[in-house]
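Worksheet: the structure to be examined is printed underneath.
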Amino acid sequence: SRRPEAIGHMLPSSDEIRAALFEHLAWWGLRKFTTDHDYFAWQQEQFSPDDLKQLASCAERKRVGDRRDEIAFYDVAARPTIFPVLYSQRYDYYEAIAPWMAVQCGAAKQILDFGCGLGILTSFCARLFPEKSFVGVDRSPASIAVAQKQADRLGIRNLRFDCVDGEVQRLSGCYDLAVATHALFQAEQDPGLPSRSWRTFERGNDPTLQAAFEQRTGLGRRLDNLVDVLSSEGHVMVCEKSRQLARRVPFQRALAARGLQLIEPPIPVQYHTVEELVEDGPCYRLQRRSQETVIWDESPEPDECRPFAPEAIAISSDAEHPLYENHRPSAQTAWEQLMGRDVLAETTREETDGRQVHVERGRFLGFQYLYCANTFDQRQLVIVQQAQAGILETYYQDILREIA
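Take a look at the structure:
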């Protein structure tokens, strides 16, 4: 296919960036889908039964295995017959991240893409800024081989790729910008750090728990290796799967402990994986020795539930739906506002590692309620009429069986 042309030396406009990105992704063979039906129909056309079987097997081993299983999965995913289809699932993600990444590259000269994968975004930014020097590193040998081959096909001369496992190997060079997206903190099964109790979203400051988190996720070693090659006032752009507060707090603490300071408040990211809406990020802009004084936020994100007013609850003729239902962090504030609540039944389960789950059923002002909270920031409050009390009792018993 025709090689995309490089854009000039000046910082391109957002429209130019988007137009260049669409052309770039098309050159890679990626396609945008908005329905699962269309995407999986295309996947069935492109993949052989053996491809599907091997991918499913590798994905399961990646989910439950160690770093070697993760590398094996990405090696298979990098096959020329597979990657255009598989990475098309990330099309919307590239649309969300690429413009932001391009803006961060504007003031830098030496840029590291840590965990670059196939180099799709790395090669895109290298094309945008031919006067800058880019290095992409990844632990998947097959991914790096594809990345270098594609860069050569594109005729990119300001970009090279190295196969390096940033968790166990030191990096080389010195960079004034390091970029990491879905690379530093890949332990998606790790729930993070629990809060001090089910009554609060606050975490303690136990260095032992923080160190254990960084070790079991590999985050500490990767961050140390990345910071080692950052210039004295270098910038870092990171976007990881840390939207949940229990993961966000220890991730932020790991960044701060290595002298990385916020330049601006983190930006939540939202995109689709075909039909599925993904709440991702947030994206962080960081700098060593920054003069900014942006404070790290360890509170839950504001949610969209309407303000709660107990006195405004009114009897409804709709017996099939609760009078009030909230599954977001603000459910805790609403529960605290229940005036003169009378607890009819409650249970708190505590694990040996300190994790807690609390569930209670009660009444207030002639209404019945059920409240559930745990130390991983999940909250739920349901309020019903007195006549529906039996529904909450059934729900209460179901939860007790789940947490037993």
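Going by this note's numbering, the sequence shown opens with residue 14, and the numbers climb by one from there. The beta carbon of each residue, even a glycine, is placed where N, CA and C say it ideally should be.
Closest by CA to Phe53, which one among Val287, Phe137 and Arg260?
One-based indexing of the sequence shown puts residue 53 at position 40. Out of Val287, Phe137 and Arg260, Val287 has the C-alpha closest to the C-alpha of Phe53.
Could you name the residues that DSSP lists as bridge partners for Gly441?
This structure cannot speak to residue 441, because the chain is shown only from 14 to 417.
How about the segment 58–72 and the segment 82–96: do they share at least three Cβ pairs that are nearer than 8 angstroms?
By the C-beta criterion, the segment 58–72 is judged to be in contact with the segment 82–96, since at least 3 inter-stretch pairs fall below 8 angstroms.
Nearest to Asp79 by alpha carbon, out of Val372, Glu373, Gly247 and Thr230?
The count along the sequence shown starts at 1 and reaches residue 79 at position 66. Taking only the C-alpha atoms, the option nearest Asp79 is Thr230.
Neighbourhood of Glu311 by C-beta, 6 angstroms cutoff - its chain only, sequence neighbours within 5 removed
Taking the sequence shown and counting its residues from 1, one reaches residue 311 at position 298. Val262, listed in sequence order.
contact_flag[the segment 242–250, the segment 288–305] where n(CB pairs < 8 angstroms) is 3 or more
yes
Considering only the beta carbon of each residue, do Val192 and Phe127 sit closer than 8 angstroms?
In the sequence shown, counting from the first residue as 1, residue 192 sits at position 179. In the sequence shown, counting from the first residue as 1, residue 127 sits at position 114. At a Cβ-Cβ threshold of 8 angstroms, Val192 and Phe127 count as neighbours.
Nearest-angstrom Cα separation, counted from Ala259 out to Asp203:
Taking the sequence shown and counting its residues from 1, one reaches residue 203 at position 190. Taking the sequence shown and counting its residues from 1, one reaches residue 259 at position 246. Straight-line Cα distance between these residues: approximately 10 angstroms.
Start and end of the beta strand (DSSP E) containing Ser146?
The count along the sequence shown starts at 1 and reaches residue 146 at position 133. Its beta strand (DSSP E) spans residues Ser146 to Asp151.
State the DSSP-derived secondary structure class of Thr306, mapped to helix, strand or coil.
As a first step, residue 306 is located in the sequence shown; it is residue number 293 there, counting from the start. DSSP, reduced to helix, strand and coil, places Thr306 outside both helices and strands of the structure shown, so it counts as coil.
Whole angstroms are fine: how far does the CA of Tyr188 sit from the CA of Glu18?
The sequence position of residue 18 within the sequence shown is 5, counting from 1. The sequence position of residue 188 within the sequence shown is 175, counting from 1. The predicted model places Glu18 with a pLDDT of 43, which falls under 50 and marks its position as unreliable, so this point remains unresolved.
Beta-carbon contacts of Ser101 that lie in its chain and below 6 angstroms, excluding the five residues immediately before and after:
As a working note, residue 101 is residue 88 in the sequence shown. Here the set comprises Leu43 and Arg44.
Three-state secondary structure assigned by DSSP to Ile326
On the sequence shown, position 313 is the one that residue 326 refers to. Coil at Ile326, not helix or strand.
Distance, Cα to Cα, His175 vs Arg166?
As a position in the sequence shown, residue 175 is number 162, starting the count at 1. As a position in the sequence shown, residue 166 is number 153, starting the count at 1. The question names His, yet the displayed sequence has Asp at residue 175. Taking the straight line joining both Cα atoms gives about 17 angstroms.
State yes or no: is the C-beta of Asp355 within less than 8 angstroms of the C-beta of Arg374?
Position 342 of the sequence shown, counted from the start, is the residue given in the question as residue 355. Position 361 of the sequence shown, counted from the start, is the residue given in the question as residue 374. No, these two residues do not count as a Cβ contact at 8 angstroms.
Using alpha carbons as the reference points, say which of Lys122, Phe389 and Leu197 lies closest to Ser244.
As a first step, residue 244 is located in the sequence shown; it is residue number 231 there, counting from the start. Minimum Cα distance to Ser244 is reached at Lys122.
In chain order, what residues of the same chain lie with their CB nearer than 8 angstroms to the CB of Gln410, ignoring the 5 residues before and after it?
The count along the sequence shown starts at 1 and reaches residue 410 at position 397. Answer for Gln410: no residue qualifies.
Please name the residue, chosen from Ala155, Ile276 and Val242, that lies closest to Ile95 on a Cα-to-Cα basis.
Position 82 of the sequence shown, counted from the first residue, corresponds to residue 95. That would be Ala155, whose Cα lies nearest to the Cα of Ile95.
Residue burial classification, His334 (beta-carbon count within 10 angstroms, cutoff 16)
The residue you call residue 334 lines up with position 321 of the sequence shown. His334 should be labelled exposed.
8 angstroms Cβ shell around Ser210 - same chain, five flanking residues per side excluded:
Counted from its first residue, the sequence shown places residue 210 at position 197. Hits under 8 angstroms: Gln369 and Thr388.
Measure from the alpha carbon of Leu351 to the alpha carbon of each residue in Ala325, Tyr107 and Ala358, then state which is nearest.
Here residue 351 is taken as the residue at index 338 of the sequence shown, counted from 1. Taking only the C-alpha atoms, the option nearest Leu351 is Ala325.
Span of the alpha helix (DSSP H) holding Ile133?
Here residue 133 refers to the residue found at position 120 of the sequence shown. Per DSSP, Ile133 belongs to the alpha helix (DSSP H) from Ile133 to Leu141.
Taking the continuous alpha helix (DSSP H) assigned at His37, which residues delimit it?
The count along the sequence shown starts at 1 and reaches residue 37 at position 24. For His37, the enclosing alpha helix (DSSP H) begins and ends at Ser27 to Trp40.
Where Thr221 and Ala85 are concerned, what is the direct C-alpha to C-alpha distance, given to the nearest angstrom?
Indexing the sequence shown from 1 puts residue 221 at position 208. Indexing the sequence shown from 1 puts residue 85 at position 72. So the two alpha carbons sit approximately 32 angstroms from each other.
Excluding the 5 residues preceding and the 5 following Asp105 in the sequence, name in chain order all residues of the same chain whose CB lies nearer than 6 angstroms to its CB.
Residue numbering aside, residue 105 sits at position 92 when the sequence shown is read from its first letter. Contacts found: Tyr284 and His285.
What are the residues that DSSP puts in a beta bridge with Ala191?
Here residue 191 refers to the residue found at position 178 when the sequence shown is read from its first residue. Leu125 and Val249.
Backbone secondary structure at His50 - three-state DSSP
Start at 1 with the first residue of the sequence shown, and residue 50 comes out as number 37. Of the three classes helix, strand and coil, the one that applies to His50 here is helix, per DSSP.
Using the C-alpha atoms, what's the distance from Ile280 back to Trp348?
What you label residue 348 is simply residue 335 of the sequence shown in a count that begins at 1. What you label residue 280 is simply residue 267 of the sequence shown in a count that begins at 1. Roughly 29 angstroms between the two C-alpha positions.
Nearest to Thr48 by CA position, among His371, Leu290, Glu201 and Leu184, is which residue?
In the sequence shown, the residue the question calls residue 48 occupies position 35. Of His371, Leu290, Glu201 and Leu184, the residue nearest in Cα terms is Leu290.
C-beta atoms of Leu275 and Val242 nearer than 8 angstroms
To locate residue 275, count along the sequence shown from 1; it is residue 262. To locate residue 242, count along the sequence shown from 1; it is residue 229. No, the Cβ-Cβ distance between Leu275 and Val242 is not below 8 angstroms.
Near Gly233, what residues of its chain come up, given a Cβ to Cβ distance below 8 angstroms and the 5 sequence neighbours on each side ignored?
In the sequence shown, the residue the question calls residue 233 occupies position 220. Result list for Gly233: Ala224, Glu227 and Ala267, in chain order.
Quick check on Asn218: buried or exposed, where buried means 16 or more other Cβ atoms within 10 Å of its Cβ?
Counted from its first residue, the sequence shown places residue 218 at position 205. Exposed, since its Cβ has fewer than 16 Cβ neighbours within 10 Å.
Asp355 bridges to which residues according to DSSP?
To locate residue 355, count along the sequence shown from 1; it is residue 342. Bridge partners of Asp355: Arg376.
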